[in-house]
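From first to last, the protein sequence lines are chains V and C.
Counting in the working numbering, the first sequence runs from 81 upward without gaps.
Counting in the working numbering, the second sequence runs from 81 upward without gaps.
Each residue gets a CB set at the ideal place from its N, CA and C atoms; glycine is no exception.
Beneath this line is the structure, given in structure tokens, with notes to follow.
Number of protein chains: 2
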Amino acid sequence: MEIQGLPGRLLADLGPAIASGALPEGTVLRAEELEQRHGVSRTVVREAVRILESMRMVEPRRRVGITVRPKGDWDVFDPLVIRWRLAGADRSAQLRSLGSLRVAVEPAAAALAARCADDDDRRELSALAVELTVTARAADLEAFLAHDIAFHAVVLRASGNEMFAHLKDTVGAVLTGRTEHRLMPHRPREYAVQLHREVAEAVCAGDPERAERAMRTIVVGALEELDATLPD
Amino acid sequence: MEIQGLPGRLLADLGPAIASGALPEGTVLRAEELEQRHGVSRTVVREAVRILESMRMVEPRRRVGITVRPKGDWDVFDPLVIRWRLAGADRSAQLRSLGSLRVAVEPAAAALAARCADDDDRRELSALAVELTVTARAADLEAFLAHDIAFHAVVLRASGNEMFAHLKDTVGAVLTGRTEHRLMPHRPREYAVQLHREVAEAVCAGDPERAERAMRTIVVGALEELDATLPD
DNA sequence: AACACTCAAAAGTATGACGATTAGGTTTCG
DNA sequence: CGAAACCTAATCGTCATACTTTTGAGTGTT
């Protein structure tokens, strides 16, 4: 999944540095300096910079250097950019954006899933709803998180829309992030778990409206909790 | 916006070739072959391949070559991937996916816009609604398209959510695509134009429910028209 | 002050050499 | 005969260097 090799390591250094604001908009890097500071060759620097350029985070210009572009230009849907931002300073803003995106997408995905899911999807969803209930009662946060991520991933996949399906990692990152940073109740709320069961039932019953409504309640609740908990 | 230089040209060759299915999943390319076939150096080939790798469209492996990855792995949110797919064989699938995404996102964006838009946004939106009406009456498809794109871009931006805002180019690509391929009525429907005015009014009045409802009618209508018109 | 000219700085490209990894065949041993 | 260890060649990965192209900025001329 990661970019491999030395360019990958350079990227893992530069990306977070830019995303965190340590290298703010307008900062000018020079390729030769990067070579020396990281002890790598021209080739490696160029490949890493090319990738950052394709994410629209930097713009190399002759006679000038490699300039950091304004945040507004970045490819905010790129998985790497999302991860870097979640790890850095504007984690709050990123979480809020992703929260709104979830509110828009996941209810629609649930409705589609109720229409399009095949038998395997439905079985898997039911099983995960059970697992969620069990791990919530046991207050096993780690297992709960894993099943929660899997649950939302199945709904997104079952929607039959490839773009929705690809948001699974993003949603997973959000759920992981908020658990890691203690942004959620110490033990899963029974009400939330019940809503997940509701989604599973509605999808199995082929009831789009009910699935959509239950999922909306889930993600709206998550967003409100986020807004209430986030610092700034 | 485009990737510059020779790697950009190579990318403009390889990307569409993969996206269109001319180089199907599992195809193995060799760097040296690409050098010769395109008359460029290793440097150039490597940079282009690195970018494709970051889009998860290819995977270079030692002793094997550069293999084309299955479609399911691609970064379907990458603007370049979207453009390549829209230009190629699975244009239909791409348009459908994007249609569903619009149905999910744009109503939510309209609701947020009704809450968050500043005075400039509201003014701009009203002006664009007027322009839409005028150019629709004149059956000036080209101008209508431009204003339509601008209209949706303003709504997305005014939502205050950076991720929504970034979908503006994507939505623009969809609108352009369907006009180019005669997938819409020969002249804009009065009903659709009226709905745009309704969105503008609701946003200006700060009425989220009304804005959301009108926008949903627009995008659902567009999706249904798409489904009715698309070949397969 | 406006314009043209020059120069040097930085990225862009090409090339040859070498290193590292690994698929697939070959040998060896049980 | 089969399996495990071993070797080999193919291919990507990295480095170092030289050269080319673009372009911002300074210089000087009108």
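Nonlocal neighbours in the same chain, by C-beta distance under 8 Å from residue i, ignoring five residues either side
i: C:G168; result: P96, A99, S100 and G101
i: V:D158; result: M135
i: C:V299; result: G179, R182, V183, E186 and P187
i: C:I162; result: V156, Q174, L178, T250 and A253
Residue from the options with nearest C-alpha to residue i
i: V:P104; options: V:E139, V:A272, V:V148 and V:E115; result: V:V148
i: C:L90; options: C:G106, C:A128 and C:E211; result: C:A128
i: C:V214; options: C:E139, C:D201, C:R203 and C:D228; result: C:D228
i: C:D220; options: C:R126, C:L255 and C:P268; result: C:P268
i: V:P140; options: C:V138, C:E113, C:P150 and C:E82; result: C:E82
i: C:R293; options: C:A308, C:L114, C:G85 and C:H276; result: C:H276
i: C:D153; options: C:G145, C:R142, C:T256 and C:L132; result: C:L132
i: C:R142; options: V:A226, V:G85 and V:R237; result: V:G85
i: V:A218; options: V:R203, V:L255, V:A253 and V:E270; result: V:E270
i: V:E260; options: V:S121, V:I162, V:L166 and V:G286; result: V:L166
i: V:G286; options: V:V254, V:A197 and V:M295; result: V:A197
i: C:H118; options: C:A92, C:T107 and C:V108; result: C:A92
i: C:A252; options: C:F244, C:V124 and C:A230; result: Reading the sequence as shown, one finds Gly at residue 252 of chain C and not Ala. Cα-wise, what sits closest to C:G252 is C:A230.
i: V:T107; options: V:P150, V:V124, V:R130 and V:T123; result: V:P150
i: V:V144; options: V:L175, V:M243 and V:E112; result: V:E112
i: V:A302; options: V:L175, V:R202, V:P288 and V:A223; result: V:L175
i: V:V234; options: V:F224, V:A209, V:E289 and V:L109; result: V:A209
i: C:S239; options: C:P288, C:W164, C:L94 and C:A223; result: C:P288
i: V:A226; options: V:Q116, V:V254, V:I162 and V:M243; result: V:V254
i: V:H94; options: V:A223, V:Q116, V:D201 and V:W164; result: Checking the displayed sequence, the identity of residue 94 of chain V turns out to be Leu instead of His. It is V:W164.
i: V:G88; options: V:L160, V:T256 and V:F224; result: V:L160
i: C:E222; options: C:T256, C:D199, C:I162 and C:D170; result: C:T256
Close Cβ partners of residue i (< 7 Å) along its chain, the five nearest in sequence each way excluded
i: C:A291; result: A190, A191, A193, A194, V279, A282 and V283
i: C:V138; result: V129, L132, I146, T147, V148 and R149
i: V:R202; result: V283 and C284
i: V:L109; result: G145 and I146
i: C:E115; result: S121, R122 and V125
i: C:F224; result: L212, T215, A216 and P268
Which residues DSSP lists as bridging residue i, in chain order
i: V:R141; result: V:G145
i: C:V108; result: C:T147
Residues of its chain near residue i, where Cβ-Cβ distance is below 6 Å and the 5 sequence neighbours each way are ignored
i: C:V273; result: L212, T213 and A216
i: V:R126; result: none
i: V:M295; result: E186, P187, A190 and V279
i: V:L205; result: V234, A280 and V283
i: C:T297; result: L275
i: C:A207; result: none
i: C:D307; result: none
i: C:D199; result: none
Nearest-angstrom Cβ-Cβ length linking residue i and residue j, presumed shorter than 8 Å
i: V:N241; j: C:S180; result: 5 Å
i: V:H246; j: C:V156; result: 5 Å
i: C:K248; j: C:R237; result: 7 Å
i: C:S177; j: V:M243; result: 5 Å
Residues from the region 231-242 of chain C in contact with chain V, defined by Cβ distance under 7 Å: N241 and E242
To be precise: take each residue of the region 82-93 of chain C, compare its Cβ to all Cβ atoms of chain V, and keep it if any distance is under 7 Å. Which residues remain? I83 and P87
Taking a Cβ distance cut-off of 8 Å, strictly less, list which residues of the region 156-171 of chain V are near chain C, in chain order. V156, F157, D158, P159 and L160
Contact residues within the region 126-146 of chain C, judged by C-beta distance below 7 Å to chain V: R126, E127, R130, I131, E133 and S134
Members of the region 246-259 of chain V near chain C, C-beta cut-off 7 Å: H246
Along the region 176-198 of chain V, where does the CB come closer than 9 Å to a CB of chain C? Name the residues. R176, S177, L178, S180, L181, V183, A184, V185, E186, P187, A188, A189 and L192
Tell me which residues of the region 286-309 of chain V have at least one Cβ-Cβ distance to chain C shorter than 7 Å, keeping chain order. none
In the region 108-125 of chain C, which residues sit with their C-beta less than 8 Å from some C-beta in chain V, listed in chain order? T123
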